[in-house]
Ligand code: R5P
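In the numbering used here, the protein residues as written are 756 to 1078.
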């Protein structure tokens, strides 16, 4: 049994997704954000929140800094409005890639952002495919991370790909690729080795590969496509090694900078992506992209939280647990 007495709220980061969740749950979605003339964000929640659970749906990208500020102010308003539990649903968690000190004198930005969200008053954080799962330890409150594979797999299975090999575009994604390979009964996996220039943000290049992709249908899986450098150079590399087709499945489609042009020019046949972040019309309409929604996944997660059911039940397909 799920209580109907919870409030759904959205900032300006991905209202379309929040309304899709509201439609499934048959709930209104409160939009409390406006902007003062000097650019300051104003939050005014008109609904009563006393002793109610408040779910705030706000991916923190695009415009990560504005999105984080909106989220923090909505949480603060809900806490001061006596909400009994505030659940920050952050389908895409911006700054998550800055999750460690990979060189001297840098911040751990993901930890700093998580602290701000918790300090504002979030009692629970829910993310989809957080960049590294250890980040759940950056907050003391419960942090549930669920998986975009739940939404992506049905679309991938529709393709009925034979001689399938699942590839990771870098060594960090091997666990994910192995999980997808098992869930899709693939013939094997391939791992592309990339080199990154630490002095230049978002610059990487595929250099070599482990695995056989010749005459195979290959599915490259990753948590995100940002500039597209990682995924598309891996796709091109795989194609140059004789793959029959190369598709990609990614959870977060940031498509920043020249990413869409790169998709155009790349050997990739299709990019299947979810709507965790707002996708530009040109991305949605691009002939090589297919968009699947995470709204059913988030709605199920909310129902599970409201009814006290386990989130790690068979509802949530966790690639790393399939090994
Ligand atoms: C890297 O560790 C991530 O999983 C992604 O592969 C990467 O951040 C994607 O960024 P871009 O599309 O700019 O290469």
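Where a beta carbon is used, it is the ideal one built from N, C-alpha and C, also for glycine.
Here the structure is a predicted model, which is why all the values come from computation and not from measurement.
Where the beta strand (DSSP E) through residue i begins and ends
i: residue 970; result: No beta strand (DSSP E) contains residue 970, which DSSP labels as neither H nor E.
i: residue 934; result: That residue, residue 934, is in no beta strand (DSSP E); its alpha helix (DSSP H) goes 929-938.
i: residue 1025; result: 1025-1029
i: residue 789; result: 788-790
i: residue 798; result: 796-798
Burial state of residue i (16 or more Cβ within 10 Å)
i: residue 972; result: buried
i: residue 893; result: buried
i: residue 1055; result: buried
i: residue 1042; result: exposed
i: residue 1078; result: Note that residue 1078 scores a pLDDT of 38, beneath 50, so its modelled location is shaky and nothing firm can be said.
i: residue 889; result: exposed
i: residue 1006; result: buried
i: residue 933; result: buried
i: residue 1017; result: buried
i: residue 858; result: exposed
i: residue 881; result: buried
i: residue 904; result: buried
i: residue 909; result: exposed
i: residue 950; result: exposed
i: residue 1029; result: buried
i: residue 978; result: buried
i: residue 854; result: buried
i: residue 931; result: buried
i: residue 867; result: exposed
i: residue 992; result: buried
Endpoints, the alpha helix (DSSP H) within which residue i is located
i: residue 1054; result: 1050-1062
i: residue 823; result: 819-835
i: residue 1001; result: That residue, residue 1001, is in no alpha helix (DSSP H); its beta strand (DSSP E) goes 1000-1008.
i: residue 1046; result: Premise fails: residue 1046 lies in the beta strand (DSSP E), 1044-1047, not in any alpha helix (DSSP H).
i: residue 1019; result: 1014-1020
i: residue 874; result: 864-875
i: residue 861; result: Premise fails: residue 861 is in no alpha helix (DSSP H) and is neither H nor E.
i: residue 1038; result: 1036-1039
Beta-carbon spacing of residue i, residue j below 8 Å
i: residue 850; j: residue 837; result: no
i: residue 823; j: residue 764; result: no
i: residue 1079; j: residue 848; result: In the structure as shown, the chain starts at 756 and stops at 1078, and residue 1079 therefore has no counterpart that could be examined.
i: residue 907; j: residue 1004; result: yes
i: residue 833; j: residue 871; result: no
i: residue 842; j: residue 878; result: yes
i: residue 1046; j: residue 987; result: no
i: residue 798; j: residue 828; result: yes
i: residue 739; j: residue 982; result: For the chain, the structure presents residues 756 to 1078; residue 739 sits outside this window and is missing.
i: residue 980; j: residue 1009; result: yes
i: residue 1053; j: residue 846; result: yes
i: residue 959; j: residue 927; result: no
i: residue 990; j: residue 975; result: yes
i: residue 1027; j: residue 1002; result: yes
Residues that DSSP places opposite residue i in a beta bridge
i: residue 923; result: 946
i: residue 812; result: 765, 844
i: residue 900; result: 882
i: residue 980; result: 1008
i: residue 784; result: 763
i: residue 804; result: According to DSSP, residue 804 bridges with nothing at all.
i: residue 964; result: 947
i: residue 1067; result: DSSP output for residue 1067 lists no bridge partner at all.
Between the stretch 916-931 and the stretch 943-950, do three or more beta carbon pairs fall short of 8 Å? As far as the Cβ criterion goes, the stretch 916-931 touches the stretch 943-950, which means the pair count is three or higher.
Does the stretch 1022-1038 come within contact of the stretch 769-776, defined as at least 3 CB pairs closer than 8 Å? They touch, by the three-pair rule.
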